[in-house]
């Protein structure tokens, strides 16, 4: 239980219980304010002798929040402006700024902070303290820096009613908004914890958020992972033995029992005010905030995570908005997910995951990433891992298995063209389901994986959507799409939307459902299938039946899938984490080719999901119709979703259709849909023909460049035999790592 004390600013404490002269003497040398009195905080709190350091722009509420936090913890509270700077200078901050000017003020402020020390205290920084690197390094050594992140518009509104003479840098020709935007880079550099603060949130609420965030920061034990197939009794035994954290599941990929990793305590939830605080944020800023809450700083510190996100979504995406939302027609909107380097939604995860992976893995071991793809994942994972630093590429390599005759010609050319010194493609004489199942079998073959570790010092890892880290970036773009509709004035926050996604392996759909759980007002998630409509049948009936079903080659190969891996995570969730039930269902699917969902679970499922499917003919017709009426070309997967959305939406709210790939990846089908009589078989010629249409969006820049460099290319092809795949893996390890 926290002890409460009557807060007094330190300058008043000095007048009442210490002489002002003594305080001045303390400020003339390094000061230890925490020694003024022995506090309950220093021996009993979360932080011991460390400080909670509140940082943020002027008007963020640092001083008020600091007082309340100090009351709750019964510890000294120090306001840098009032208790340090003004006491040191013997004048007001505004007078000092007026006397010496902007640049010298920052230096004088920094010098004062360098002479300051404290322990077991709550410290409220000035808005400009973070701009002085040396003093921030000094104060950060003994504290946890908490960034009070308040939207710029809220800060500007608050400051209108306050004196502006204490804001460093404000001058004619430089607006307050410019200053606030400029300072963000410094706040992001120094913080350990971010606390989102909306416009109408009471200071008491912000203070409790600070305490909750500090507790989370100090206790990584709260954020462990379990397998979808582990029973409750197994989990209770594991609590006292081996716990798994984010960095573990990123590198391990698949659980040893064949299940998929999920967070034991679920995903974080954002309040409506926190989401509203992100409406004006950029895509990168939204990604940083969301991922910070999903990845514990003990696994990846916030500053490092920010650096990784900037690299992933900065120059590698051709659109500054990264994942723009475009109005299509009526109440339908397209979430364009194809502006990354390989022209599909897979880039969102696979420009990020390689850097997460490289940060999390131990330096003492080499890693070979195994990937199975139905089309888009292959080139995305090859491109992502080939962008690592040279030193990382020496210890991390990736091999991509794809159905040799089950992807589009352009997808195949792209996968061959994306091969690099640490990234290879291998065609398999089978379908995607075989490739995915084979990889799972290889991971759970302890004799083989143990042999690779002992003989070659190499461990295997996964980059498919079975890897938990693959799902997190997808949550971000679903949340961002909703916030964009709010920003554009299409809806107000809290109004529902439906989402329609072309669905095969269920990862994209699961990410949308996770966004809903985290507080985004998604009403219905609509699963759109092609002729391989096993998911549609399952969602409608609860019966997952693969008996007698053969994979059908379609115009939308990325969803030519019969076994949806990520469905397991969803069923685990609605079954209240009943790992025994999940194990039973998926063992039955593996051994008997079918399972039946209980009636109560089917009811839960149908509250969240609806489903439909689309024929190849209807897919092509939709492409032609949309182009004829709007001048916009849908890819074949987005067209599947468009057809299903037309059939299933009730038009009472907007619907966001995930446009998962660029149409130029499927040029033959697009040209056929546009009713071009003769189609040249050369992929590059097909793209040049499409470019002549001057359609929206234009031909994808990265795809065109890749195909120009590819030619016919070389790649390995192997039989549909797990032992053959294992032999390829061993050979690749020998050639690259030895």
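Residue numbers (the UniProt record's numbering): 1 to 738.
Idealized CB from N, CA, C, for every residue including glycine.
Task: Distance CB(residue 65)-CB(residue 159) smaller than 9 Å - done: No, the Cβ-Cβ distance between residue 65 and residue 159 is not below 9 Å.
Task: Where the beta strand (DSSP E) containing residue 643 begins and where it ends - done: Careful: residue 643 lies outside any beta strand (DSSP E), inside the alpha helix (DSSP H) at 636-648.
Open item on the list: On a Cα-Cα basis, can you pick out the residue from 258, 704 and 559 that is closest to residue 339?
Closed with: Looking from the CA of residue 339, the closest CA among 258, 704 and 559 belongs to 704.
TODO: Using the DSSP secondary-structure output, state which residues sit across from residue 458 in a beta bridge.
DONE: Answer is 366.
Open item on the list: Less than 7 Å between C-beta atoms, sequence neighbours within five positions excluded: which residues of the same chain meet that for residue 465?
Closed with: Hits under 7 Å: 471, 505, 507, 565 and 566.
Open item on the list: Under 8 Å: do the region 361-376 and the region 428-435 share three or more Cβ pairs, one atom per stretch?
Closed with: Short answer: they touch.
Task: Cα-Cα separation between residue 739 and residue 590, rounded to whole angstroms - done: Limits of the chain in this structure are 1 at one end and 738 at the other, which puts residue 739 out of reach.
Task: Three-state secondary structure assigned by DSSP to residue 427 - done: The three-state secondary structure of residue 427, taken from DSSP, is strand.
Open item on the list: Going by C-alpha to C-alpha distance, which of 178, 730 and 140 sits closest to residue 156?
Closed with: Of 178, 730 and 140, the residue nearest in Cα terms is 178.
Open item on the list: As an exercise, report each continuous alpha helix (DSSP H) stretch of at least 4 residues that is fully enclosed by the region 60-125, in chain order.
Closed with: Every unbroken stretch of the alpha helix (DSSP H) spanning 4 or more residues and falling wholly within the region 60-125 is given here in chain order: 62-73, 86-89, 93-100 and 102-114.
Open item on the list: Here's the rule: buried if 16 or more other CB atoms are within 10 angstroms of the residue's CB, otherwise exposed. What is residue 133?
Closed with: Answer is exposed; the Cβ neighbour count stays below 16.
TODO: Taking 9 Å as the cut-off, decide whether the C-beta atoms of residue 110 and residue 129 are in contact.
DONE: Yes. Within cutoff.
Open item on the list: I need the DSSP call for residue 594, collapsed to helix, strand or coil.
Closed with: Note: residue 594 maps to strand in three-state DSSP.
TODO: Determine the extent of the beta strand (DSSP E) in which residue 500 is found, giving its start and end residues.
DONE: Per DSSP, residue 500 belongs to the beta strand (DSSP E) from 497-502.
Task: Touch test, the region 577-591 against the region 270-288, Cβ-Cβ under 8 Å, three pairs minimum - done: Contact fails: fewer than three Cβ-Cβ distances are below 8 Å.
Open item on the list: Tell me which residues share the same chain as residue 227 and place their Cβ nearer than 6 Å to its Cβ, disregarding the 5 neighbours each side in the sequence.
Closed with: Take residue 227, set aside five residues on each side of it, and the residues of its chain with a beta-carbon closer than 6 Å to its own are 255, 257 and 259, in chain order.
TODO: Take residue 516 as the anchor and find which of 213, 244, 48 and 275 has the nearest alpha-carbon.
DONE: The candidate whose alpha carbon is nearest that of residue 516 is 275.
Task: Neighbour-count burial assignment, residue 42, 16 or more Cβ in a 10 Å radius - done: Annotation note: pLDDT 36 at residue 42 (below 50); position unreliable, no value reported.
TODO: Please look up how many angstroms separate the CB atoms of residue 715 and residue 427, rounded, as I've assumed it's under 8 Å.
DONE: With a beta-carbon spacing of about 6 Å, residue 715 and residue 427 fall inside the 8 Å limit used to define contacts.
TODO: Taking the CB atoms as reference points, tell me whether residue 619 and residue 645 lie closer together than 9 Å.
DONE: No. Outside cutoff.
Open item on the list: My assumption, with CB atoms under 8 Å, is that residue 409 sits in contact with residue 697. Please give the rounded CB distance.
Closed with: At roughly 21 Å, the Cβ-Cβ gap does not stay under 8 Å, so residue 409 and residue 697 are not in contact.
Open item on the list: Taking the beta strand (DSSP E) that residue 419 belongs to, which residues open and close that run?
Closed with: Boundaries cannot be given for residue 419, as no beta strand (DSSP E) includes it and DSSP labels it neither H nor E.
Task: residue 610 - containing beta strand (DSSP E), residue span - done: Element bounds for residue 610: 609-613.
Task: Residues that DSSP places opposite residue 143 in a beta bridge - done: When beta bridges are read from the DSSP output, residue 143 appears opposite 51.
Open item on the list: Taking only three categories from DSSP, how would you classify residue 336?
Closed with: Reduced to three states, the DSSP call for residue 336 is strand.
TODO: Just grab the DSSP bridge partners of residue 263 for me.
DONE: 225.
Task: Strand pairing of residue 488, partner residues [DSSP] - done: Beta-bridge annotation (DSSP): residue 488 is not paired with any residue.
Open item on the list: Just verifying my parser: in three-state terms, what is the DSSP assignment at residue 327?
Closed with: Looking at residue 327 - three-state DSSP - the assignment turns out to be strand.
Task: Rounded C-alpha distance that separates residue 718 from residue 400 - done: Linking residue 718 to residue 400 through their CA atoms gives a straight-line distance of about 12 Å.
- [ ] For the beta strand (DSSP E) holding residue 401, just list the boundary residues, first then last.
- [x] Start and end: 396-403.
Open item on the list: Going by the DSSP bridge assignment, what does residue 194 pair with across the sheet?
Closed with: In the DSSP output, where bridge partners are listed per residue, residue 194 has 147.
- [ ] Measure the alpha-carbon distance for residue 514 versus residue 609 and round it to whole angstroms.
- [x] Their backbone Cα atoms lie some 13 Å apart in a straight line.
- [ ] Indicate whether residue 536 and residue 463 have their beta-carbon atoms separated by less than 9 Å.
- [x] Residue 463 is positioned such that its CB atom lies no closer than 9 Å to that of residue 536.
Task: Distance CB(residue 633)-CB(residue 643) smaller than 9 Å - done: Cβ distance not < 9 Å, so residue 633 and residue 643 don't count as in contact.
TODO: Kindly indicate which residue of 89, 55 and 647 has the alpha-carbon position closest to the one of residue 210.
DONE: Distance from the Cα of residue 210 is smallest, within the candidate group 89, 55 and 647, for 55.
Task: Top-ranked residue by Cα proximity to residue 384, from 199, 403, 356 and 363 - done: Comparing Cα positions, the closest option is 356.
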